[in-house]
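Undergrad: Numbering (this note's numbering), first residue to last: 129 to 526.
Where a beta carbon is used, it is the ideal one built from N, C-alpha and C, also for glycine.
Here the structure is a predicted model, which is why all the values come from computation and not from measurement.
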Ligand SMILES: Cc1cc2nc3c(=O)[nH]c(=O)nc-3n(C[C@H](O)[C@H](O)[C@H](O)COP(=O)(O)OP(=O)(O)OC[C@H]3O[C@@H](n4cnc5c(N)ncnc54)[C@H](O)[C@@H]3O)c2cc1C
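Following this line, the structure appears as structure tokens:
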């Protein structure tokens, strides 16, 4: 084993994946984390269904990422590699009905993490919890531990401090100001995978789901399931559209197709028949109770006008006012600009300092694409360092 040492800040999925690659190559890896335990956001992600990646075919998989740089990196350590890596850890997976990849039921999120951390410890990775990153220069990183400031020398430094949502998990994005002060461009952190606040308040529909519907914004559309909340809408088609609506000013209008598999003409034909409108909607079109309740929010004139009603069933308009507050959303778009980094994700202004994970300027929908992006960038940086021949050999001072 070589004695070369690297410092990682942040024990989330990106930092841990980088640690594994380097430790497997014999490098001495120190991970510094401000919490008392690793990967809290990773565990939070596990609460709502632990989709670690997605089974989609690689070309359409890559299209889920907005930045070309991240697409190339995901290609190099793709969904099949993540499944293989999990398999090597002894974690079995299965493909859920929507194509998402989950660990099998016998592996709860906490167990997946434990298996991974055990493996890292066996590889010699050293964890320093309760260490808050403050700053760095060309040779040292400055941290705070129990109120005391310490400095640690590094040969290579990986910053993997996550995005800016769910601050209580540790991802508080305080690094943004530190990097900006060094003249490193950081694109503003914005809500991603966020619900929408809507003009109409759907109090009567709160908690109700619309399934198998299609939501569209301009030319972009996504089929799936949405839920009405006290402020508006949540759900994977909503999160998917975030990226496209972000380019426009609020307020804007989304459309819901309540019957994606039935044409406008067919709907008109049904409605023009002898049956009462309510009976057609329920029995012929087989609209769900939630869809029927949504249509009941229309005024009487609209509801009873066959032409307008059929149009509305295919294109129910929803006025959107804003994203949800940043801290509440699943992930953040924006982050360290790719123009600040070379192909190894190493800062031009600070050679030997790398960035990985959600703190980079990319976004993707939920469904395993976020964790995949973090695993892939961690892998990419870890491998780049492991393959590098230029690591010097300082001892961390802590
Ligand atoms: C509710 C929720 C559900 C989600 N569901 C999914 C899902 O189903 N599928 C999916 O793919 N993704 C999901 N995600 C997103 C996914 O969890 C994140 O994208 C991923 O955890 C980001 O990994 P990361 O390693 O980049 O950063 P993080 O996981 O955020 O880890 C960063 C680490 O750095 C530490 N840190 C930050 N600042 C400092 C500092 N100054 N000093 C020391 N340490 C610091 C933090 O404490 C943290 O431990 C979900 C997220 C949330 C919040």
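Consider the C-beta atom of residue 294 and the heavy atoms of ligand 1; say whether any pair is separated by less than 7 Å.
TA: Taking the chain shown and counting its residues from 1, one reaches residue 294 at position 166. Within the cutoff, so yes.
Undergrad: Taking residue 221 as part of the alpha helix (DSSP H), name the residues at either end of that continuous run.
TA: On the chain shown, residue 221 is found 93 positions in, with the first residue counted as 1. It is not in any alpha helix (DSSP H) - residue 221 instead sits in the beta strand (DSSP E) that spans 221 to 223.
Undergrad: Work out the CA separation of residue 492 and residue 529 for me, nearest whole Å.
TA: Summary: the structure shown does not reach residue 529, with the chain confined to residues 129 through 526, and so no result is reported for it.
Undergrad: In whole angstroms, what separates the C-alpha of residue 212 from that of residue 398?
TA: Residue mapping note: residue 212 aligns to position 84 of the chain shown, counting from 1. Residue mapping note: residue 398 aligns to position 270 of the chain shown, counting from 1. The alpha-carbon atoms of residue 212 and residue 398 are separated by roughly 51 Å.
Undergrad: Between the region 398 to 413 and the region 374 to 382, do at least 3 Cβ pairs fall closer than 8 Å?
TA: Contact between the region 398 to 413 and the region 374 to 382 is absent, because fewer than three Cβ pairs lie under 8 Å.
Undergrad: Could you compute how far the alpha carbon of residue 484 sits from the alpha carbon of residue 503?
TA: Stepping through the chain shown from its first residue, residue 484 is reached at position 356. Stepping through the chain shown from its first residue, residue 503 is reached at position 375. Roughly 9 Å between the two C-alpha positions.
Undergrad: Closest to residue 142 by C-alpha separation, out of 510, 358, 322, would be which residue?
TA: Start at 1 with the first residue of the chain shown, and residue 142 comes out as number 14. Comparing Cα-Cα distances from residue 142 to each of 510, 358, 322, the minimum goes to 510.
Undergrad: Do residue 416 and residue 338 count as a contact pair if the criterion is CB distance below 8 Å?
TA: As a working note, residue 338 is residue 210 in the chain shown. As a working note, residue 416 is residue 288 in the chain shown. Yes, the pair counts as a contact, with Cβ atoms nearer than the cut-off.
Undergrad: So, at 7 Å on beta carbons, what are the nonlocal neighbours of residue 263 in its own chain, with the 5 sequence-adjacent residues on each side left out?
TA: On the chain shown, residue 263 is found 135 positions in, with the first residue counted as 1. Around residue 263: 270, 306.
Undergrad: So, using beta-carbon positions, are residue 361 and residue 446 closer together than 8 Å?
TA: The residue labelled residue 361 in the question sits at position 233 within the chain shown. The residue labelled residue 446 in the question sits at position 318 within the chain shown. Yes, Cβ-Cβ distance for residue 361 and residue 446 is below 8 Å.
Undergrad: Can the beta-carbon of residue 176 be found closer than 8 Å to that of residue 291?
TA: As a working note, residue 176 is residue 48 in the chain shown. As a working note, residue 291 is residue 163 in the chain shown. The answer is no: Cβ separation not under 8 Å.
Undergrad: For a test of the three-state rule: what should DSSP assign to residue 139, helix, strand or coil?
TA: Looking up residue 139 in the chain shown gives position 11. Three-state DSSP puts residue 139 in coil, outside helix and strand.
Undergrad: Could you pull out every residue in the same chain whose Cβ sits closer than 6 Å to the Cβ of residue 129, ignoring the five residues on either side in sequence?
TA: For this step, residue 129 is matched to residue 1 along the chain shown. Reliability fails at residue 129, whose pLDDT of 37 lies under 50, so the model's placement of it is uncertain and the value that follows must be treated cautiously. Result list for residue 129: 154, in chain order.
Undergrad: Would you call the region 265 to 285 in contact with the region 180 to 197, where contact means no fewer than 3 C-beta pairs closer than 8 Å?
TA: These segments do not touch.
Undergrad: Enumerate, from N- to C-terminal direction, the unbroken alpha helix (DSSP H) stretches of 4 or more residues contained entirely within the region 284 to 340.
TA: Those alpha helix (DSSP H) runs which fall completely within the region 284 to 340 and span 4+ residues are 303 to 309.
Undergrad: Here's the rule: buried if 16 or more other CB atoms are within 10 angstroms of the residue's CB, otherwise exposed. What is residue 225?
TA: The residue labelled residue 225 in the question sits at position 97 within the chain shown. It counts as exposed.
Undergrad: Under a Cβ-count criterion, where at least 16 other Cβ atoms within 10 Å of its own Cβ denotes burial, should residue 231 be classed as buried or exposed?
TA: On the chain shown, position 103 is the one that residue 231 refers to. The residue in question, residue 231, is buried, as its Cβ has 16 or more Cβ neighbours within 10 Å.
Undergrad: Say yes only if the C-beta of residue 315 is nearer than 7 Å to one or more non-hydrogen atoms of ligand 1, and no if none qualify.
TA: Indexing the chain shown from 1 puts residue 315 at position 187. Flag unset: Cβ of residue 315 not near ligand 1.
Undergrad: Would residue 157 and residue 147 be called neighbours here (beta carbons separated by less than 8 Å)?
TA: Here residue 157 corresponds to residue number 29 of the chain shown, with the count starting at 1. Here residue 147 corresponds to residue number 19 of the chain shown, with the count starting at 1. Contact: yes.
Undergrad: Please classify residue 379: does DSSP put it in a helix, a strand, or coil?
TA: For the purposes of this step, residue 379 is taken as the residue at position 251 of the chain shown. Of the three classes helix, strand and coil, the one that applies to residue 379 here is coil, per DSSP.
Undergrad: Return the first residue and the last residue of the beta strand (DSSP E) that residue 463 is part of.
TA: As a working note, residue 463 is residue 335 in the chain shown. Start and end: 459 to 464.
Undergrad: Excluding the 5 residues flanking residue 349 on each side, which residues of the same chain have their C-beta closer than 6 Å to its C-beta?
TA: Reading the chain shown from its first residue, position 221 is the one you call residue 349. Only 342 meet the Cβ criterion.
Undergrad: Do residue 504 and ligand 1 come close, with the Cβ less than 7 Å from some heavy atom?
TA: Within the chain shown, numbered from 1, the residue matching residue 504 stands at position 376. No, Cβ of residue 504 sits at least 7 Å from all heavy atoms of ligand 1.
Undergrad: Can you give me the Cβ contacts of residue 326 inside the same chain, cut-off strictly under 8 Å, excluding the 5 residues immediately before and after it?
TA: As a position in the chain shown, residue 326 is number 198, starting the count at 1. Correct list, in chain order: 359, 360, 361, 446, 447, 448, 449.
Undergrad: Any idea what DSSP makes of residue 503, helix, strand or coil?
TA: Residue 503 sits at position 375 when you count from the first residue of the chain shown. If DSSP states are grouped into helix, strand and coil, residue 503 belongs with the helices.
Undergrad: Who are residue 396's beta bridge partners in DSSP?
TA: Locating residue 396 in the chain shown gives position 268, where the first residue counts as 1. In the DSSP output, where bridge partners are listed per residue, residue 396 has none listed.
Undergrad: Tell me whether residue 203 counts as near ligand 1, meaning its Cβ is closer than 7 Å to at least one heavy atom of that ligand.
TA: Taking the first residue of the chain shown as position 1, residue 203 is located at position 75. Answer for residue 203: no, Cβ out of range of ligand 1.
Undergrad: Which two residues bound the contiguous alpha helix (DSSP H) that contains residue 157?
TA: Numbered from its first residue, the chain shown carries residue 157 at position 29. Looking at the DSSP string, residue 157 is not in any alpha helix (DSSP H); the run it does join, the beta strand (DSSP E), is 156 to 160.
Undergrad: Which first and last residues belong to the beta strand (DSSP E) in which residue 261 is found?
TA: Residue 261 sits at position 133 when you count from the first residue of the chain shown. Residues 259 to 264.
Undergrad: Quick check: the region 272 to 285 against the region 427 to 434, are at least 3 beta-carbon pairs closer than 8 Å?
TA: Result no; under three Cβ-Cβ pairs closer than 8 Å.
Undergrad: Since residue 385 contacts residue 442 with CB under 8 Å, what's their CB separation in whole angstroms?
TA: Residue 385 sits at position 257 when you count from the first residue of the chain shown. Residue 442 sits at position 314 when you count from the first residue of the chain shown. 5 Å between Cβ atoms; contact.
Undergrad: Would the C-beta of residue 224 count as close to ligand 1, meaning under 7 Å from any of its heavy atoms?
TA: Working through the chain shown from its first residue, we reach residue 224 at position 96. Result no, Cβ not under 7 Å from ligand 1.
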